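Remarks on the structure that follows.
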Amino acid sequence: MSEIANPKRIRLVRRSPAYWRVTFDHPPLNIFGPETIPQLNEIITALETDENVKVIVFDSAVEGFFLMHYDFLAKLEDTTNLPPGPTGLPQLPDMLVRLSRAPVVSIVSIRGRATGVGSELALASDMRFASRERAILSQWEVGAGLVPGGGPMARLPRLMGRGRALEVLLSADDIRGDLAELYGYVNRALPDSELDEFVDALAVRIASFDKQAIAETKHLVNIASLPPDTDIAPEWEACMASIVRPAAQARLKTLMERGFHKPGDVENRLGYHVGQLGSGPL
Amino acid sequence: MSEIANPKRIRLVRRSPAYWRVTFDHPPLNIFGPETIPQLNEIITALETDENVKVIVFDSAVEGFFLMHYDFLAKLEDTTNLPPGPTGLPQLPDMLVRLSRAPVVSIVSIRGRATGVGSELALASDMRFASRERAILSQWEVGAGLVPGGGPMARLPRLMGRGRALEVLLSADDIRGDLAELYGYVNRALPDSELDEFVDALAVRIASFDKQAIAETKHLVNIASLPPDTDIAPEWEACMASIVRPAAQARLKTLMERGFHKPGDVENRLGYHVGQLGSGPL
Amino acid sequence: MSEIANPKRIRLVRRSPAYWRVTFDHPPLNIFGPETIPQLNEIITALETDENVKVIVFDSAVEGFFLMHYDFLAKLEDTTNLPPGPTGLPQLPDMLVRLSRAPVVSIVSIRGRATGVGSELALASDMRFASRERAILSQWEVGAGLVPGGGPMARLPRLMGRGRALEVLLSADDIRGDLAELYGYVNRALPDSELDEFVDALAVRIASFDKQAIAETKHLVNIASLPPDTDIAPEWEACMASIVRPAAQARLKTLMERGFHKPGDVENRLGYHVGQLGSGPL
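Chains as they are written, first to last, in the working numbering: chain A, 1 to 282; chain B, 1001 to 1282; chain C, 2001 to 2282.
Set out below in structure tokens:
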């Protein structure tokens, strides 16, 4: 076993040359920010270039939180000043489209909250399995006056159809395991006690297969199912433009005053709280 | 609160500047015909131009019928002589594609039968919620020798996949709440006693969000999920051509003799009755 | 009633001029090979040209097996030397895309295992119904170092979304009735005791409708939902290339030694057995 990247935020462990695990470990909330981008990028680049890896599983070491929204305490320039990635897209959407295209099977194992970037990373991965009792998925952004930026408008309708995608995005509400399974937001919701064993067995199984057969089959699915990068780029632009608008700034300020970015009820029940911000001047 | 349009057929009530309700109220069957088109058009135009509206809910005031098939007692010329709408499409499909693109969230709350135009309006809306016990959705047209004309061949496969879409269209049968949910014909089927409260709470929630964030997010979903207008136009043409063919005329005549367009068993169980028309000369 | 083609492998029975049944009857395993291609082609051609047929149902007369993988005991040249079909595609994918486009409703009634070609024929058909207790669907190929060749990478994501399609293809595992229904791999899974009656009633119903209304409605669904032939062609090429690679040859050899192509546990539980081949040199 070996590790790369900063072990404090995103830990990579190679269970075998073919089967890697990535664990988000940025307590207390697994918030994703500009300083985490290079750590994730290092892993995506390894997936693209390693000759042996066949399957990667993403999970979390933080109780209650798989991976969360972007860091609104970081300076916006720390994100907007980053150079574009290899695809020409800004770095976060760039990494996500590269993950979708990597010749490796990516699986997310969702226990706790996958909100914002957490949901977007799940959607960019190949398969999603969730704890029936403990997973919460959401795109909370519209509730805070924001436009999501990491691809969900392009990816959600292709997974669950336009109607359910619009509900996820425009209700901005928390989606629990059962509903996520019904909607196809995840492949399956499993009893929490079975999730780890199920995902591990699937990953071990895939790791025993031929890498070329995996990569070619996935590539042919990509042709049929991936959105073009030209549909991803405007999401990021709309997201960045939305952040600086008064409607979003006022809502984010109120959320911060109520406990956003800190352990507690606002982060635990973000769907509820974005519904309590009102529509008038805040 | 204010009202526009003819209150006898389609009633618009503004619960607030941001949250509008439209109620189909054309007893006894909520049949949709050429005289109803201008009433619906007035509402769609208001949705496109009003600066405050964020969400609109469609429901019915007629027991047992959400919104039904087209009026076959009206003269065909009353429909075919209507000038095209702003998109260049004929008026009914024109209104439906404009509803899908309007910068406002449209939600249908289906209690009773949504057949033909009723199903097509539901499919053109952003989200669909149905009474588990009392909703019936259907595209009955093929059962009467007709081709549906308001977009379902383009919209259903994008919601539920080709196989289930072909079943809905080519079985021409009634689809009840549970199956509609399984197939993704509706977002969710809810217990009848919970439907109104659920839809109202969702609409109130969305009405509290920022209109620009809603509109931009929906626009990006549109890119990923709406059929092109060029796929809608041939449906209307095929529908109009089918109506005048002997196969449809004979079936419609038999249905009329059995009680079509009148309250009673034919309209209540239209799926059953189109299966009883036989295949030979009628 | 009349019959065409070799009755030993694929039997065609015309229940009526409008309603045809095709039964796969190649015991003990319903394996599909180059010698079966002309028999299926004859049926597809009849579907394209007959003026009366409206609906065709595919089922199996072989206990436990609906239709299986390709025949690996046949010489590869018997397949690769076949001239292309009318679409310009090689014969097997050619027949499947022609089945999808035929102006006739195709329904598969799956009892027993639909693996490889069996799954691909099901996916190319218009509707799929499965025995809840006795149907097993799978694309087993990646588990044997192969790339599937009959269209599933193009068709599965359009039916069930990218995530579940990737799971079906890259897990290469057996999918039973309940999961197949949840994923949309089949329209519905029905209790085994109800399957035959349900499918027959649906076929009889559709056979009573107008052929032109059926054909035009299906054609418009095709526009919205069929993959282009240019997405099908590379699957076949990748499949043929994969067969001769050492990774596949070694896995197929091991499977053969364990009982592949013979009645018994390997064919009965193919999903399990492809997971037991290991990843190292075999």
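Yeah, the Cβ is synthetic: ideal placement off N, Cα and C, and Gly gets one too.
Keep in mind the model is a prediction, meaning the values are calculated, not measured.
**Message:** Buried or exposed, going by whether 16 or more other CB atoms sit within 10 Å of the CB of Y1272/B?
**Reply:** Here the question's residue 1272/B lines up with position 272 in the second sequence. Looking at its Cβ environment, which holds fewer than 16 other Cβ atoms inside 10 Å, Y1272/B is exposed.
**Request:** Name the two residues that bound the continuous beta strand (DSSP E) containing D1071/B.
**Result:** Here residue 1071/B is taken as the residue at index 71 of the second sequence, counted from 1. Unbroken run through D1071/B: none, as it is neither H nor E.
**Message:** The beta strand (DSSP E) that contains F1974/C, what's its start and end?
**Reply:** Missing from the structure shown is residue 1974/C; chain C here goes from 2001 to 2282 and no further.
**Request:** Kindly indicate if chain A contains any beta-carbon less than 9 Å away from that of A1018/B.
**Result:** As a first step, residue 1018/B must be located in the second sequence, where it is residue number 18. Closer than 9 Å: yes.
**Request:** Starting from Q2212/C, find everything on chain B with Cβ-Cβ shorter than 9 Å and list it in chain order.
**Result:** On the third sequence, position 212 is the one that residue 2212/C refers to. Neighbours of Q2212/C on chain B, chain order: G1145, V1147, S1242, R1245, A1247.
**Asked** If we count the other Cβ atoms within 10 Å of its Cβ and call it buried at 16 or more, is V1244/B buried or exposed?
**Response** For the purposes of this step, residue 1244/B is taken as the residue at position 244 of the second sequence. Under this definition V1244/B is an exposed residue.
**Prompt:** So, helix, strand or coil for R2132/C, using DSSP?
**Reply:** As a working note, residue 2132/C is residue 132 in the third sequence. Note: R2132/C maps to strand in three-state DSSP.
**Asked** If you follow the beta strand (DSSP E) that T1023/B is part of, which residue opens it and which one closes it?
**Response** The sequence position of residue 1023/B within the second sequence is 23, counting from 1. Per DSSP, the continuous beta strand (DSSP E) segment holding T1023/B begins and ends at 1019-1024.
**Secondary structure of F65/A, DSSP reduced to three states** = By one-based count along the first sequence, residue 65/A stands at place 65. DSSP places F65/A in strand when its eight states are reduced to three.
**Asked** When you check each C-beta in the region 1158-1172 of chain B against every C-beta of chain C, which residues fall closer than 8 Å?
**Response** R1158, M1160, G1161, R1162, G1163, R1164, A1165, L1166, E1167, L1169, L1170, S1171, A1172
**Request:** Compute the Euclidean distance between the alpha carbons of M1001/B and S1016/B, then round it to the nearest angstrom.
**Result:** What you label residue 1001/B is simply residue 1 of the second sequence in a count that begins at 1. What you label residue 1016/B is simply residue 16 of the second sequence in a count that begins at 1. Low confidence applies here, because M1001/B scores a pLDDT of 36, under 50, leaving its location unreliable; read the following figure in that light. Cα-Cα distance, rounded: 7 Å.
**Request:** Report the rounded CA-to-CA distance for L277/A versus D173/A, giving the unit in angstroms.
**Result:** In the first sequence, residue 277/A corresponds to position 277, counting from 1. In the first sequence, residue 173/A corresponds to position 173, counting from 1. The straight-line gap from Cα to Cα measures roughly 13 Å.
**Request:** Please work out which residues of its chain come closer than 6 Å, Cβ to Cβ, to L1137/B, disregarding the five sequence neighbours upstream and downstream, and give them in chain order.
**Result:** Counted from its first residue, the second sequence places residue 1137/B at position 137. Correct list, in chain order: A1114, S1119, I1175, A1180, Y1185.
**Backbone secondary structure at L1099/B - three-state DSSP** = The sequence position of residue 1099/B within the second sequence is 99, counting from 1. Reduced to three states, the DSSP call for L1099/B is helix.
**Completely contained alpha helix (DSSP H) runs for the region 1110-1177 of chain B, where each covers 4 or more residues** = 1117-1124, 1152-1171
**Asked** Just how far apart, CA to CA, sit L1166/B and K2218/C?
**Response** Residue numbering aside, residue 1166/B sits at position 166 when the second sequence is read from its first letter. Residue numbering aside, residue 2218/C sits at position 218 when the third sequence is read from its first letter. Taking the straight line joining both Cα atoms gives about 7 Å.
**Spatial neighbours of R2269/C in its chain, beta-carbon cut-off 6 Å, leaving aside the 5 residues before and after** = Stepping through the third sequence from its first residue, residue 2269/C is reached at position 269. Taking C-beta separations shorter than 6 Å and ignoring five residues to either side along the sequence, R2269/C has no partners in its chain.
**Item:** Beta-carbon gap between E1048/B and G1151/B smaller than 9 Å
**Value:** What you label residue 1048/B is simply residue 48 of the second sequence in a count that begins at 1. What you label residue 1151/B is simply residue 151 of the second sequence in a count that begins at 1. For E1048/B and G1151/B, no; Cβs fall outside 9 Å.
**Request:** Determine the direct distance from the alpha carbon of R1098/B to that of I1031/B, and round the result to whole angstroms.
**Result:** For this step, residue 1031/B is matched to residue 31 along the second sequence. For this step, residue 1098/B is matched to residue 98 along the second sequence. Taking the straight line from one Cα to the other gives about 21 Å.
**Request:** Could you pull out every residue in the same chain whose Cβ sits closer than 7 Å to the Cβ of M153/A, ignoring the five residues on either side in sequence?
**Result:** Locating residue 153/A in the first sequence gives position 153, where the first residue counts as 1. Closer than 7 Å at the Cβ level, and outside the excluded window around M153/A, lie L169, E235.
**Beta-bridge partners of F976/B, as assigned by DSSP** = The requested residue 976/B does not occur in the structure, where chain B is confined to residues 1001 to 1282.
**Request:** Verify the CB distance criterion: does A2180/C have a CB-CB separation below 9 Å to chain B?
**Result:** Translated into the one-based positions of the third sequence, residue 2180/C becomes position 180. It does not: the Cβ of A2180/C has no partner Cβ on chain B nearer than 9 Å.
**Request:** Check the Cβ-Cβ distances between M256/A and every residue of chain B, and say whether any is below 9 Å.
**Result:** Counting from one through the first sequence, the residue named residue 256/A turns up at place 256. Chain B, which has no Cβ nearer than 9 Å to the Cβ of M256/A, makes this no.
**Asked** What in chain A is Cβ-close to L1047/B, meaning under 7 Å?
**Response** Taking the second sequence and counting its residues from 1, one reaches residue 1047/B at position 47. Those within 7 Å of L1047/B in chain A number zero; the least Cβ separation is about 15 Å.
**Asked** Under 7 Å Cβ-Cβ, which residues of chain B neighbour V22/A?
**Response** Numbered from its first residue, the first sequence carries residue 22/A at position 22. Chain B residues near V22/A: none, gap ~27 Å exceeds 7 Å.
**Asked** Any residues in the region 1218-1232 of chain B with a beta carbon nearer than 7 Å to a beta carbon of chain C? Which ones, in chain order?
**Response** P1227, D1231
**Item:** Chain-ordered neighbours of M1153/B on chain C, where CB pairs are closer than 8 Å
**Value:** Numbered from its first residue, the second sequence carries residue 1153/B at position 153. The contacting residues are T2217, L2220, V2221, I2223, A2224.
**Item:** Given 8 Å, three or more beta-carbon pairs between the region 196-211 of chain A and the region 1202-1213 of chain B
**Value:** no
**Prompt:** If you check the beta carbons only, do A135/A and R155/A fall under 9 Å apart?
**Reply:** The residue labelled residue 135/A in the question sits at position 135 within the first sequence. The residue labelled residue 155/A in the question sits at position 155 within the first sequence. For A135/A and R155/A, no; Cβs fall outside 9 Å.
**Message:** Following a CB-centred definition, is F1198/B positioned closer than 8 Å to any heavy atom of the ligand MG?
**Reply:** No copy of the ligand MG appears in this structure; indeed no ligand is present at all.
**Prompt:** Do V1117/B and H1069/B have their C-beta atoms within less than 9 Å of each other?
**Reply:** Mapped onto the second sequence, residue 1117/B falls at position 117. Mapped onto the second sequence, residue 1069/B falls at position 69. It is a contact, given that the beta carbons lie within the stated cut-off.
**Message:** Output needed for N1187/B: all residues of its chain with C-beta closer than 7 Å, excluding positions within five of it in sequence on either side, in chain order.
**Reply:** For the purposes of this step, residue 1187/B is taken as the residue at position 187 of the second sequence. So the qualifying residues of the chain are M1127, R1128, F1129.
**Request:** Would you tell me roughly how many angstroms separate the C-alpha atoms of D1229/B and Q1091/B, rounded to the nearest one?
**Result:** The residue labelled residue 1229/B in the question sits at position 229 within the second sequence. The residue labelled residue 1091/B in the question sits at position 91 within the second sequence. Answer to the nearest angstrom: the Cα atoms are 13 Å apart.
**Asked** Does any residue of chain A bring its CB to less than 9 Å from the CB of R1111/B?
**Response** Taking the second sequence and counting its residues from 1, one reaches residue 1111/B at position 111. False, the Cβ-Cβ gap to chain A never drops below 9 Å.
**Message:** Pop quiz: G2033/C and G2064/C are said to be a contact at Cβ under 8 Å. What is the actual Cβ separation, rounded to whole angstroms?
**Reply:** Taking the third sequence and counting its residues from 1, the one referred to as residue 2033/C is at position 33. Taking the third sequence and counting its residues from 1, the one referred to as residue 2064/C is at position 64. Rounded, the Cβ-Cβ distance is 19 Å, inconsistent with contact.
**Message:** Checking the sheet assignment: what are the DSSP bridge partners for R188/A?
**Reply:** Numbered from its first residue, the first sequence carries residue 188/A at position 188. F129/A, per the DSSP bridge assignment.
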